[in-house]
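*Asks:* Numbering (the working numbering), first residue to last: 36 to 322.
Positions of the beta carbon are idealized from the N, C-alpha and C atoms, including for glycine.
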């Protein structure tokens, strides 16, 4: 009989209709659990194949690349990821230079090209976010033409109030829902003082990916991404309601879940192991 951990490795992290009723069980359609490689950036810079092997041995199936990985050719990076028994359905590309990365993403075999942050010079005004939204529409069209899709990943700065709106509202309202989708980072939504679950429901079918990252209970909120905003915890070791988040993700048809922790209090590989163990228990233990 295969263990739950082996099942996760071989078949993906799943939720079922049973989970909607408050119990965890296997589902019919696999949804893989992955790691955003920014979490292990320092270790990966020293020995990427070793780190990828450790990720796979924990039970993860996928990884999401980030800009620091791209000192390798796309073909070489793809070979290294596949050689560890993993795949990369999504990758982050910096706002500046995003226009030049479509071919790299295509060769890497990505389904999703993600912009993780707009240029800081655009953060301070509604016009700045409208400029970014226009770019997103262009990039969404280009990605679609190459058989990929485009998404935006949030932090906390987008939620700073600007009169009766904020930057994130502008990005939602000013982008084409057929071309621009969203990867919600649960930590940074909460860090800005918002409820990740409410945002997920608001985005509906435009929400395609989630970054799973917990937050210290009672920590002060912010909009600046500075050192005073760093209250990161492994999934299940903080204040977010993961049962509700994962259940809503299943309902909305979220395609990919990536564990991420910007900074860790233990070695990063141990931190992502803690997150995996919690998620495994949450999703596969009847309660």
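With a threshold of 8 Å on Cβ separation, who are the neighbours of residue 257 within its own chain once the five nearest residues in sequence on each side are excluded?
*Replies:* So the qualifying residues of the chain are 191, 226, 227, 263 and 264.
*Asks:* So, residue 150 versus residue 164, is the Cβ gap smaller than 8 Å?
*Replies:* No. Outside cutoff.
*Asks:* Just reading off the alpha helix (DSSP H) that residue 147 is part of, what are its end residues?
*Replies:* Run containing residue 147: none in the alpha helix (DSSP H); it sits in the beta strand (DSSP E), 147-150.
*Asks:* Using alpha carbons as the reference points, say which of 313, 215 and 181 lies closest to residue 168.
*Replies:* Residue 215 is the option with its Cα nearest to residue 168.
*Asks:* For residue 196, which beta-bridge partners are listed by DSSP?
*Replies:* Note: residue 196 sits in a beta bridge opposite 201.
*Asks:* Could you check the C-alpha separation between residue 121 and residue 108 for me, to the nearest Å?
*Replies:* So the alpha carbons of these two residues sit roughly 17 Å apart.
*Asks:* Exposed or buried, what is residue 296 when buried is set at 16 or more other beta-carbons lying within 10 Å of its beta-carbon?
*Replies:* Buried, because 16 or more other Cβ atoms sit within 10 Å of the Cβ of residue 296.
*Asks:* Residue 158: which of 259, 242 and 302 sits nearest, CA to CA?
*Replies:* Of 259, 242 and 302, the residue nearest in Cα terms is 259.
*Asks:* Below 8 Å on the Cβ atoms is my guess for residue 87 versus residue 116; work out the distance and round it to an integer in Å.
*Replies:* About 6 Å; that satisfies the 8 Å criterion.
*Asks:* Got a sec? Which residues, its chain only, sit under 7 Å from residue 153 by beta carbon, not counting five neighbours each side?
*Replies:* These residues qualify, in order along the chain: 130 and 167.
*Asks:* Mapping DSSP to helix, strand and coil, what is residue 99?
*Replies:* If DSSP states are grouped into helix, strand and coil, residue 99 belongs with the strands.
*Asks:* Going by DSSP, which residues form a beta bridge with residue 186?
*Replies:* Answer by DSSP bridge pairing, in chain order: 149 and 216.
*Asks:* Only counting the same chain, and skipping five residues up and downstream in sequence, which positions put a Cβ closer than 6 Å to that of residue 75?
*Replies:* Once the five neighbours on either side are set aside, the close Cβ partners of residue 75 are 86 and 303.
*Asks:* So, under 8 Å CB-CB, residue 293 and residue 229 are touching, yes? Tell me the CB distance rounded to an integer number of Å.
*Replies:* That belief does not hold up - the Cβ atoms of residue 293 and residue 229 are roughly 20 Å apart, past 8 Å.
*Asks:* Measure how close the beta-carbons of residue 240 and residue 287 come, nearest whole angstrom, since I'm counting them as under 8 Å.
*Replies:* Correct: roughly 7 Å between the Cβ atoms.
*Asks:* Candidates 135, 203, 156 and 92: which alpha carbon is nearest residue 219's?
*Replies:* Looking at the Cα atoms, 203 is the closest of the given residues.
*Asks:* With a threshold of 16 other CB atoms inside 10 Å of the CB of residue 298, please say whether the residue is buried or exposed.
*Replies:* Exposed: under 16 other Cβ atoms inside 10 Å.
*Asks:* Within 10 angstroms of the Cβ of residue 249, are there 16 or more other Cβ atoms? Answer buried if so, exposed if not.
*Replies:* Classification of residue 249: buried, given that the 10 Å Cβ count is 16 or more.
*Asks:* Assuming residue 244 is part of the beta strand (DSSP E), what are its boundary residues?
*Replies:* Taken as a continuous stretch (DSSP letters only), the beta strand (DSSP E) holding residue 244 covers 242-247.
*Asks:* Counting along the chain, where does the alpha helix (DSSP H) carrying residue 262 start and finish?
*Replies:* Premise fails: residue 262 is in no alpha helix (DSSP H) and is neither H nor E.
*Asks:* At what residue ranges does the stretch 68-121 contain a whole run of the beta strand (DSSP E), taking only runs of 3 or more?
*Replies:* DSSP runs (the beta strand (DSSP E)) wholly in the stretch 68-121: 68-71 and 97-100.
*Asks:* Using CA coordinates, which residue listed in 113, 267, 103 and 106 is at the minimum distance from residue 97?
*Replies:* The shortest Cα separation from residue 97 among 113, 267, 103 and 106 belongs to 113.
*Asks:* Would residue 126 and residue 100 be called neighbours here (beta carbons separated by less than 8 Å)?
*Replies:* Cβ distance < 8 Å, so residue 126 and residue 100 count as in contact.
*Asks:* Please tell me whether residue 148 and residue 180 are closer than 8 Å, where the distance is taken between their beta carbons.
*Replies:* No, they are not a contact pair.
*Asks:* Buried or exposed for residue 77, please, with buried defined as at least 16 other CB atoms from any protein chain shown within 10 angstroms of its CB.
*Replies:* By the neighbour-count rule (16 or more Cβ atoms within 10 Å), residue 77 is not buried but exposed.
*Asks:* Could you name the residues of the same chain whose beta carbon sits closer than 6 Å to that of residue 139, not counting the 5 residues immediately before and after it, in chain order?
*Replies:* Answer for residue 139: 109, listed in chain order.
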